[in-house]
Each structure stands twice: as structure tokens, then as C-alpha cells.
Amino acid sequence: MDQKIIMHRQGDVLFVKVADLPDALVERRTDILVEGEATGHAHRLTTGQSWQSNAGQLFLSAVLGSKIVHEEHAPIELEPGYWQVIRQREYSPKAFRKEELVRD
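The sequence shown runs 471 to 574 under this note's numbering.
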């Protein structure tokens, strides 16, 4: 059976609906999901609870649904359920280059 992947995006943050939360998550005690590096603006959770794994992955439980707000983006409504919160990254080829000495 094919399952439809449900995703929402707000700026550089992607929300992907998941079937359940992983084990061993730590409850986060803030409404800020992701804070902007340059502006200090934040993607904020209005209802629900955010969680973090030991590896730094973020998740959201929104039993009644949730609204995500941000100073520069339109609010988004998330359907009830569990969500993985992914900060999207820009590809930079320079980040993968490694300077090496020439060997002759």
C-alpha cells in the first residue's frame, strides 16, 4: 500500500509527518523550534510539544494540530499528529573541497 508523504515548508524549515515519535526523545521546554542565524527571527510553535533526539533531530507532537508562526513568513497549520522538523541546508560545493598539498 502506498502512503502519501505529507510535508509543509516555512522558509528554511521542513515539516514531515511521521507515523510515530522515535524512542528516547527529550522534551524541549521552549516554543522556539528553529532560530534564524542571521536575523534572530524564530519559527515558533503555538500549540503542541517539541522533542529532540540525542543526535539533535527535532520532532513535534501536535495532538490537536498546531500553528507555526514566524516574523517573515505566513503562518502554517499542521494537521494533528507527529512531525519531524528538518532545517534545510543550502548546498555549497566549497564546503566539500579539501585543500591538499601537491605530491610529485
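For each residue, glycine too, the CB sits at the ideal point set by N, CA and C.
As the structure is a computational prediction, the values presented were derived from the model and not from experiment.
Secondary structure of residue i, DSSP reduced to three states
i	result
lysine 487	strand
glutamine 558	coil
leucine 495	coil
histidine 478	strand
serine 520	strand
Chain-order list of residues whose beta-carbon lies under 7 Å from that of residue i (same chain, five-residue window excluded)
i	result
aspartate 490	Tyr552
leucine 548	His478, Phe485, Ala532, Gly535, Ser536 and Ile538
Sheet register partners of residue i (DSSP bridge)
i	result
glycine 551	Ala532
alanine 512	Glu505
Pick from the options that is closest to residue i, judged by C-alpha positions
i	options	result
leucine 503	Gly518, Gln473 and Pro550	Gly518
proline 550	Arg514, Ala508 and Gly535	Gly535
arginine 499	His513, Gln522 and Lys487	Gln522
leucine 515	Gly526, Val483, Val488 and Ile476	Val483
Close-in-space but distant-in-sequence residues of the same chain around residue i (CB under 6 Å, 5 per side omitted)
i	result
proline 545	Lys537 and Val539
lysine 487	Ile476, Gly551 and Trp553
glutamine 558	Asp482 and Leu484
Alpha-carbon to alpha-carbon, residue j and residue i
i	j	result
glycine 481	valine 496	25 Å
glutamate 542	glycine 506	11 Å
glutamine 527	isoleucine 556	8 Å
isoleucine 476	phenylalanine 529	15 Å
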